[in-house]
Amino acid sequence: MEFVSSQFGTEAAARALRLAALNGHAHAVRALLEGGTPVAARVPGYPSALFAAAISDPSCLAELLDAGADPHEVDAEGQTALHHAAAANHLSCARLLLAAGTDLHARSHNGLTALHLAGTDVVRRLLPPHVRSPVDDMAGPFEVASRFGAAATARPLSWP
């Protein structure tokens with residue numbers, strides 16, 4: 043696999059890495075990285091493989107993070123991989139990203155945090171009991187969940 047990047051070019055290698063991560067093929071992710079595909083390689087118009095792994099498979103995500111993927115990377119909308127994992131209700135990937143240093147309260151360009159996008163299960167397990175997202179406006183995760191009738195999601199976000 044050492045010839046992957048040089049033989050086929052960085053864009054083709056990036057496409058292979060992204061598809062391997064998206065489809066949960068950790069062995070292929072590892073082989074591509076060991077073969078010289080840069081962990082930050084991107085397919086034009088798509089976020090890096092880190093984002094694909096965040097909605098797919100924790101073992102792929104771990105391979106990418108271990109290889110040096112930037113847990114603070116943002117996509118075109120300013121969302122981190124944690125935003126994507128939370129929106130996909132992928133708790134194990136969200137935990138890996140938080141352990142790697144991704145900011146739980148990072149805001150996208152339109153002001154959303156990962157907690158805005160998270161399902162109830164992810165919110166309950168990511169936040170310690172009685173911890174509220176530190177948002178100083180009326181568009182925090184608690185307010186949004188309450189406004190849209192998601193009481194089960196709002197409950198763990200409320201003050202004690």
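Per this note's numbering, numbering of the sequence shown is gapless, rising by one per residue and ending at 202.
Idealized CB from N, CA, C, for every residue including glycine.
On the DSSP bridge list, what partners appear for residue i?
i, result
"residue 122", "116"
Among the options, which has the Cα closest to the Cα of residue i?
i, options, result
"residue 140", "124, 98, 108", "124"
"residue 111", "62, 54, 165, 93", "93"
"residue 101", "70, 152, 155", "70"
"residue 164", "73, 58, 134", "134"
"residue 152", "120, 144, 130, 106", "120"
"residue 85", "65, 161, 143, 52", "52"
"residue 77", "149, 142, 59", "59"
"residue 122", "83, 82, 98, 149", "149"
"residue 75", "161, 130, 103", "103"
"residue 54", "73, 161, 83", "83"
"residue 91", "73, 130, 61", "61"
"residue 98", "154, 126, 161", "126"
If we call anything under 8 Å between Cβ atoms a contact, is residue i one with residue j?
i, j, result
"residue 168", "residue 138", "no"
"residue 89", "residue 108", "no"
"residue 79", "residue 63", "no"
"residue 159", "residue 136", "no"
Quick one: measure Cβ to Cβ for residue i and residue j, integer angstroms, because I've assumed they're closer than 8 Å.
i, j, result
"residue 132", "residue 156", "Not quite, the Cβ-Cβ distance comes to about 11 Å (not below 8 Å), so this is no contact."
"residue 68", "residue 115", "Going by Cβ atoms, the distance from residue 68 to residue 115 rounds to 20 Å, so no, they are not a contact pair."
"residue 66", "residue 113", "Wrong, their Cβ atoms sit about 19 Å apart, outside the cutoff."
Checking contacts by CB at 8 Å: is residue i closer than that to chain B?
i, result
"residue 107", "Of the protein chains in this structure there is only one, and it is not chain B."
Residue ranges of each alpha helix (DSSP H) within the segment 58 to 137, 4 or longer:
Runs of the alpha helix (DSSP H) spanning 4 or more residues and lying entirely within the segment 58 to 137 occur at 68 to 76, 91 to 96, 100 to 108, 123 to 129, in chain order.
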